[in-house]
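In UniProt numbering, the protein residues as written are 1 to 461. Glycine included, C-beta positions come from ideal geometry on N, C-alpha and C. Computed from a prediction, not measured in an experiment: that's the story for all the values here.
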């Protein structure tokens, strides 16, 4: 939810915001002189498409910013609506307000529309918020409501099955995939990238913005498109790229996935009222590049360092999250762990008809059916308490768990009754959601982290 108190008390910011929204709707917008109440009125011209004759409709737009006062707009806050429309030869009247119109004002609007044949419309705070949260207006939301947007959740607009427009925590960028069509897979990776970009140490007033991310599932790597915006200094005669050298790594490995950086530099005037760090001109010329993962043409003011790093998945990446969850599981006093077996996706390509499987199974500590499954076998003395744990654990179609009860049947002895019940819980990632071993491990680790976090605050009497 956007907090309209972020806008200046004077109302100037609110008026500019409304003007920009009207511009984005394709209307001609301009200011009138001062109105009867001492303020400026916005005038906009609407030109509906016609097969025969162009018809213009003029609107008077008045803005009332009462968010800081927390009260509705009443009839007494407005001048003569009919008179101001006649003055500007307008056929419509729009009230834009950062709160809402009073019931008396709504009735007045209805009366004018029914008797004076002037179309009346109001944009209250919720209507304006809905407009701002449309993809075409995300940059305006970031510009005018930076605090609100910095806390915003994911918003996704699908352009093509493998190409998306995203907004997360005030960052506007595109996402694309070489093979996949499920954008949910990228969320955790992009959150990690955004955190890294945000924490990058830069000179004063420099701005680093993520513009797009292309994921190549076949080779398990991202290409990240970043823009570095550098302020124009006072009395600057000539900008020499060699005077400002910053090092960014050309590749970085995080949890076994490679991130390659495509960085362009731009100059900006920090004192300009027209500066917008997420202006469409930073995006629109490169949409095809963003979609297919190629390189951009433009100014590059960076030396690329290319450190040699090991790409293989380490034992820590494979086992750390599962080991942590097993330890948390055993902290419950009614549970005694018998065996923990992690998923063994990393060994899947070693099972070939050309090699003896017994040595592979021995080296991998492999159990039946655990390429895609991590599992814990345990004794439980209180099933009701176990159910409370299961009820808080997250799951979805792509990431889920399964609990089964185990019985022991011995050769020649038959069914054996156990004093405590034995269960196996399996944590799974659906194979259809992944394109590689590294992808699987990242998704499994993410899921195990989510479960661990859910169990951290569980209180069992």
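When we look at the beta-carbon of residue i and count the other beta-carbons within 10 Å, is it buried (16 or more) or exposed?
i           : result
residue 31  : exposed
residue 189 : buried
residue 292 : exposed
residue 9   : exposed
residue 383 : exposed
residue 267 : exposed
residue 286 : buried
residue 167 : buried
residue 274 : exposed
residue 304 : Summary for residue 304: the model assigns pLDDT 33, below 50, so the residue's position carries little reliability; its value from the coordinates is reported in the next sentence. So residue 304 ends up on the exposed side.
residue 426 : buried
residue 407 : exposed
Between residue i and residue j, what straight-line distance do the alpha-carbon atoms span, to the nearest angstrom?
i           : j           : result
residue 105 : residue 111 : 10 Å
residue 402 : residue 388 : 15 Å
residue 64  : residue 102 : 13 Å
residue 123 : residue 174 : 30 Å
residue 26  : residue 2   : 24 Å
residue 431 : residue 440 : 8 Å
residue 143 : residue 137 : 10 Å
residue 321 : residue 446 : 8 Å
residue 129 : residue 95  : 15 Å
residue 454 : residue 155 : 24 Å
residue 259 : residue 434 : 18 Å
residue 66  : residue 7   : 10 Å
residue 157 : residue 80  : 42 Å
residue 85  : residue 181 : 51 Å
residue 449 : residue 201 : 28 Å
residue 294 : residue 206 : 26 Å
residue 271 : residue 396 : 48 Å
residue 75  : residue 83  : 14 Å
residue 288 : residue 135 : 18 Å
residue 78  : residue 281 : 38 Å
Terminal residues of the continuous beta strand (DSSP E) containing residue i?
i           : result
residue 462 : The chain is shown from 1 up to 461; residue 462 falls before or after that span and cannot be answered.
residue 92  : 92-97
residue 329 : Element bounds for residue 329: not the beta strand (DSSP E) but the alpha helix (DSSP H), 315-330.
residue 391 : Element bounds for residue 391: not the beta strand (DSSP E) but the alpha helix (DSSP H), 383-392.
residue 395 : Note, residue 395: premise wrong, no beta strand (DSSP E); not H, not E.
Output the boundary residues of the alpha helix (DSSP H) element that contains residue i.
i           : result
residue 407 : Where residue 407 is concerned, there is no enclosing alpha helix (DSSP H), given that its DSSP letter is neither H nor E.
residue 422 : Residue 422 -> not in any alpha helix (DSSP H); beta strand (DSSP E) instead, spanning 421-429.
residue 149 : 146-150
residue 443 : 437-456
residue 23  : 12-24
residue 111 : 103-115
residue 190 : 187-198
residue 290 : 287-292
residue 127 : 125-132
residue 87  : 81-87
Given a cut-off of 8 Å, decide if residue j and residue i are closer than it, judged by their beta-carbon atoms.
i           : j           : result
residue 131 : residue 178 : no
residue 42  : residue 29  : yes
residue 335 : residue 380 : yes
residue 452 : residue 324 : yes
residue 398 : residue 429 : yes
residue 405 : residue 421 : yes
residue 116 : residue 68  : no
residue 57  : residue 113 : no
residue 224 : residue 193 : yes
residue 186 : residue 215 : yes
residue 109 : residue 99  : no
residue 222 : residue 212 : no
residue 343 : residue 371 : yes
residue 176 : residue 290 : yes
residue 460 : residue 385 : yes
residue 409 : residue 458 : no
Report the residue from the options whose alpha carbon sits nearest the alpha carbon of residue i.
i           : options               : result
residue 230 : 382, 121, 269 and 322 : 269
residue 17  : 456, 276 and 79       : 276
residue 226 : 319, 52, 171 and 129  : 171
residue 59  : 73, 149, 118 and 400  : 118
residue 107 : 90, 73, 83 and 137    : 73
residue 264 : 420, 92, 208 and 316  : 208
residue 345 : 317, 115, 66 and 327  : 317
residue 329 : 288, 284, 376 and 413 : 376
residue 19  : 52, 332, 51 and 62    : 62
residue 390 : 444, 204, 332 and 87  : 332
residue 149 : 133, 157 and 161      : 133
residue 165 : 151, 145, 50 and 139  : 139
residue 21  : 127, 220, 183 and 205 : 127
residue 232 : 210, 204, 219 and 220 : 204
residue 279 : 176, 184 and 141      : 141
residue 23  : 14, 44 and 70         : 44
residue 456 : 210, 326, 71 and 184  : 326
Say the cut is 7 Å; is the CB of residue i nearer than that to a heavy atom of the ligand NAP?
i           : result
residue 329 : Looking at this structure, you won't find the ligand NAP or any other ligand, since it has none at all.
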